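Before any comments, here is the structure.
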Amino acid sequence: MELMKSRRALRLAYAQLEILEETEGEHEVFLDAFISAIAMIRNVGSVIDSESKGNREHSFATWWDQTAANPLYRCIKEVRDLTFKRLEDRVHIKHEVNVTTAVATGTAYNPTVRISDATQVEVSQDGRVVETREVRMTAEAEAESGAQDTPTYSRRWMFSGGQCDGQELLPALHQFLDWMRDDVIPEAERRTVST
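Residue numbers (the numbering used here): 1 to 195.
Here it is as C-alpha coordinates:
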(Lines of atoms letter the chains of each structure in order from A and count residues from 1; the text may use other names and numbers.)
(Lines give C-alpha, C1' and ligand atoms only; values in the text may rest on other atoms or scores of the structure.)
Protein backbone atom coordinates (compact mmCIF):
# COMPACT_ATOMS: atom_id res chain seq x y z
CA MET A 1 0.00 0.00 0.00
CA GLU A 2 1.40 3.40 -0.91
CA LEU A 3 1.71 5.63 2.16
CA MET A 4 0.90 9.00 0.57
CA LYS A 5 0.73 10.97 3.82
CA SER A 6 4.08 9.56 4.92
CA ARG A 7 5.65 10.59 1.61
CA ARG A 8 4.15 14.07 1.99
CA ALA A 9 5.53 14.32 5.54
CA LEU A 10 8.94 13.36 4.13
CA ARG A 11 8.76 16.12 1.48
CA LEU A 12 7.79 18.67 4.14
CA ALA A 13 10.66 17.50 6.36
CA TYR A 14 13.18 17.90 3.53
CA ALA A 15 11.79 21.41 2.91
CA GLN A 16 12.27 22.33 6.59
CA LEU A 17 15.80 20.93 6.50
CA GLU A 18 16.56 23.10 3.47
CA ILE A 19 15.30 26.18 5.34
CA LEU A 20 17.45 25.21 8.31
CA GLU A 21 20.54 24.93 6.10
CA GLU A 22 19.89 28.40 4.67
CA THR A 23 20.06 29.88 8.20
CA GLU A 24 23.23 28.05 9.26
CA GLY A 25 25.27 31.26 9.59
CA GLU A 26 22.73 33.13 11.73
CA HIS A 27 22.90 31.80 15.27
CA GLU A 28 19.50 32.78 16.72
CA VAL A 29 17.64 32.29 13.45
CA PHE A 30 19.18 28.82 13.10
CA LEU A 31 18.15 27.84 16.63
CA ASP A 32 14.57 28.96 15.94
CA ALA A 33 14.47 27.18 12.57
CA PHE A 34 15.88 24.03 14.19
CA ILE A 35 12.79 23.69 16.39
CA SER A 36 10.49 23.58 13.35
CA ALA A 37 12.86 21.35 11.40
CA ILE A 38 13.35 18.72 14.11
CA ALA A 39 9.59 18.59 14.74
CA MET A 40 8.85 18.03 11.05
CA ILE A 41 11.71 15.55 10.63
CA ARG A 42 10.56 13.44 13.58
CA ASN A 43 6.97 13.71 12.36
CA VAL A 44 7.79 11.43 9.41
CA GLY A 45 7.93 8.43 11.75
CA SER A 46 4.73 9.47 13.51
CA VAL A 47 2.87 9.75 10.20
CA ILE A 48 4.13 6.31 9.08
CA ASP A 49 2.86 4.87 12.36
CA SER A 50 -0.53 6.56 12.09
CA GLU A 51 -1.11 6.00 8.38
CA SER A 52 -0.25 2.30 8.49
CA LYS A 53 -2.59 1.44 11.40
CA GLY A 54 -5.42 -0.83 10.38
CA ASN A 55 -3.57 -1.97 7.25
CA ARG A 56 -0.54 -3.72 8.72
CA GLU A 57 0.59 -7.23 7.95
CA HIS A 58 1.38 -9.40 10.96
CA SER A 59 5.15 -8.81 10.58
CA PHE A 60 4.80 -5.02 10.71
CA ALA A 61 4.79 -4.72 14.51
CA THR A 62 8.10 -6.54 15.01
CA TRP A 63 9.74 -4.64 12.16
CA TRP A 64 8.41 -1.29 13.44
CA ASP A 65 9.73 -2.00 16.96
CA GLN A 66 13.16 -2.73 15.45
CA THR A 67 13.00 0.49 13.45
CA ALA A 68 12.10 2.51 16.55
CA ALA A 69 15.04 0.92 18.41
CA ASN A 70 17.53 2.09 15.77
CA PRO A 71 20.04 4.51 17.41
CA LEU A 72 19.45 7.19 14.77
CA TYR A 73 15.67 6.97 15.23
CA ARG A 74 16.03 7.18 19.01
CA CYS A 75 18.45 10.10 18.65
CA ILE A 76 16.06 12.15 16.50
CA LYS A 77 13.09 11.30 18.75
CA GLU A 78 14.99 12.30 21.90
CA VAL A 79 16.23 15.59 20.43
CA ARG A 80 12.77 16.42 19.11
CA ASP A 81 11.14 15.70 22.47
CA LEU A 82 13.62 17.82 24.41
CA THR A 83 13.81 20.64 21.87
CA PHE A 84 10.23 20.90 20.66
CA LYS A 85 8.34 19.97 23.83
CA ARG A 86 10.63 21.58 26.43
CA LEU A 87 12.63 24.15 24.42
CA GLU A 88 15.90 22.70 25.70
CA ASP A 89 18.98 23.54 23.64
CA ARG A 90 20.44 20.32 22.26
CA VAL A 91 22.76 21.86 19.69
CA HIS A 92 25.90 23.96 19.82
CA ILE A 93 28.46 25.36 17.41
CA LYS A 94 31.86 23.74 17.18
CA HIS A 95 34.48 26.22 16.04
CA GLU A 96 37.69 24.98 14.47
CA VAL A 97 40.74 27.09 13.62
CA ASN A 98 43.73 25.54 11.91
CA VAL A 99 47.07 27.37 12.06
CA THR A 100 50.46 26.21 10.80
CA THR A 101 53.45 27.62 12.72
CA ALA A 102 57.18 26.97 13.08
CA VAL A 103 58.80 26.27 16.44
CA ALA A 104 61.79 28.29 17.65
CA THR A 105 64.31 25.61 16.64
CA GLY A 106 63.28 26.02 13.05
CA THR A 107 61.63 22.63 12.66
CA ALA A 108 58.14 22.84 11.29
CA TYR A 109 55.09 21.15 12.70
CA ASN A 110 51.40 21.60 12.17
CA PRO A 111 49.51 22.30 15.38
CA THR A 112 45.74 22.32 15.14
CA VAL A 113 43.82 24.75 17.31
CA ARG A 114 40.27 23.63 18.10
CA ILE A 115 37.84 26.02 19.72
CA SER A 116 34.91 24.21 21.26
CA ASP A 117 32.13 26.22 22.87
CA ALA A 118 34.30 29.28 22.18
CA THR A 119 36.23 29.01 25.47
CA GLN A 120 38.40 25.91 25.40
CA VAL A 121 41.40 25.73 23.05
CA GLU A 122 43.24 22.50 22.34
CA VAL A 123 46.58 22.57 20.56
CA SER A 124 47.53 19.25 19.00
CA GLN A 125 50.70 18.05 17.36
CA ASP A 126 50.96 14.80 15.44
CA GLY A 127 47.39 13.90 16.39
CA ARG A 128 47.74 14.30 20.17
CA VAL A 129 46.77 17.23 22.38
CA VAL A 130 49.87 19.04 23.69
CA GLU A 131 48.16 21.98 25.37
CA THR A 132 44.69 22.92 26.59
CA ARG A 133 43.80 26.37 27.83
CA GLU A 134 40.71 28.39 28.60
CA VAL A 135 40.39 31.60 26.60
CA ARG A 136 37.81 34.09 25.44
CA MET A 137 37.79 34.30 21.67
CA THR A 138 35.71 35.69 18.88
CA ALA A 139 34.84 33.67 15.82
CA GLU A 140 37.73 35.22 13.88
CA ALA A 141 41.08 33.42 14.01
CA GLU A 142 44.33 35.37 14.24
CA ALA A 143 47.64 33.80 13.32
CA GLU A 144 50.34 33.99 15.96
CA SER A 145 53.57 35.73 14.98
CA GLY A 146 55.71 33.37 12.97
CA ALA A 147 52.74 31.66 11.36
CA GLN A 148 53.49 30.43 7.88
CA ASP A 149 49.90 30.17 6.68
CA THR A 150 46.71 32.11 7.07
CA PRO A 151 44.54 30.34 9.64
CA THR A 152 41.42 28.62 8.38
CA TYR A 153 38.21 28.83 10.34
CA SER A 154 35.15 26.61 10.20
CA ARG A 155 32.05 26.19 12.30
CA ARG A 156 29.72 23.24 12.49
CA TRP A 157 26.48 22.68 14.33
CA MET A 158 26.70 19.69 16.67
CA PHE A 159 24.26 17.80 18.87
CA SER A 160 24.73 18.30 22.63
CA GLY A 161 23.96 15.52 25.10
CA GLY A 162 21.90 12.39 24.90
CA GLN A 163 21.90 9.78 22.15
CA CYS A 164 23.31 12.18 19.52
CA ASP A 165 26.02 13.84 21.62
CA GLY A 166 28.96 14.96 19.52
CA GLN A 167 27.41 14.12 16.15
CA GLU A 168 27.39 16.75 13.45
CA LEU A 169 23.81 17.96 13.17
CA LEU A 170 23.06 18.57 9.48
CA PRO A 171 24.61 15.33 8.17
CA ALA A 172 22.71 13.35 10.85
CA LEU A 173 19.41 14.97 9.85
CA HIS A 174 20.08 14.20 6.18
CA GLN A 175 21.02 10.63 7.09
CA PHE A 176 17.75 10.19 8.99
CA LEU A 177 15.58 11.54 6.17
CA ASP A 178 17.47 9.55 3.53
CA TRP A 179 16.94 6.42 5.64
CA MET A 180 13.22 7.20 5.89
CA ARG A 181 13.03 7.76 2.11
CA ASP A 182 15.19 4.83 0.96
CA ASP A 183 14.42 2.14 3.54
CA VAL A 184 11.72 2.83 6.11
CA ILE A 185 8.83 4.13 3.99
CA PRO A 186 9.30 1.53 1.21
CA GLU A 187 9.46 -1.27 3.81
CA ALA A 188 6.38 0.09 5.62
CA GLU A 189 4.56 0.12 2.28
CA ARG A 190 5.55 -3.52 1.66
CA ARG A 191 4.24 -4.50 5.09
CA THR A 192 0.83 -2.84 4.67
CA VAL A 193 -2.13 -3.98 2.59
CA SER A 194 -4.83 -1.93 0.89
CA THR A 195 -8.31 -2.33 2.30
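Here a beta-carbon is modelled for each residue, glycine too, at the ideal position from N, C-alpha and C.
On a predicted model such as this, the values are computed, not experimentally measured, just so you know.
Legend entry - Which of helix, strand or coil DSSP assigns to Met1: Here residue 1 is taken as the residue at index 1 of the sequence shown, counted from 1. Three-state result, Met1: coil.
Legend entry - Val79 in three-state terms, based on DSSP: By one-based count along the sequence shown, residue 79 stands at place 79. It is helical.
Inset, instruction - Identify which residue in Ile41, Phe176, Gly45 and Asp89 has its Cα closest to the Cα of Met158. - result: Translated into the one-based positions of the sequence shown, residue 158 becomes position 158. Nearest C-alpha to Met158: Asp89.
Legend entry - Whole runs of the alpha helix (DSSP H) within the stretch 9-64, excluding any shorter than 4 residues: List check, alpha helix (DSSP H) in window: 27-52.
Legend entry - Length of the line joining the Cα atoms of Leu20 and Arg190: Position 20 of the sequence shown, counted from the first residue, corresponds to residue 20. Position 190 of the sequence shown, counted from the first residue, corresponds to residue 190. For Leu20 and Arg190, the distance between alpha carbons rounds to 32 Å.
Inset, instruction - Starting from Phe176, follow the alpha helix (DSSP H) in both directions and report where the run begins and ends. - result: Taking the first residue of the sequence shown as position 1, residue 176 is located at position 176. In this chain, the alpha helix (DSSP H) harbouring Phe176 covers Leu169 to Trp179.
Inset, instruction - Since I believe Arg155 is in contact with Lys85 (beta carbons under 8 Å), could you give me their beta-carbon distance rounded to a whole number of angstroms? - result: If you number the sequence shown from 1, residue 85 lands on position 85. If you number the sequence shown from 1, residue 155 lands on position 155. Not a contact, Cβ separation roughly 27 Å.
Legend entry - Distance, Glu168 Cα to Asn110 Cα: The count along the sequence shown starts at 1 and reaches residue 110 at position 110. The count along the sequence shown starts at 1 and reaches residue 168 at position 168. Bear in mind that the predicted position of Asn110 carries a pLDDT of just 49, short of 50, making it unreliable; the figure below should be weighed with that in mind. Their backbone Cα atoms lie some 25 Å apart in a straight line.
Legend entry - Reduced DSSP category for Val184 - H, G, I as helix; E, B as strand; rest coil: Stepping through the sequence shown from its first residue, residue 184 is reached at position 184. Here Val184 sits in helix by DSSP.
Legend entry - Three-state secondary structure (DSSP) of Arg90: Here residue 90 corresponds to residue number 90 of the sequence shown, with the count starting at 1. Three-state DSSP puts Arg90 in coil, outside helix and strand.
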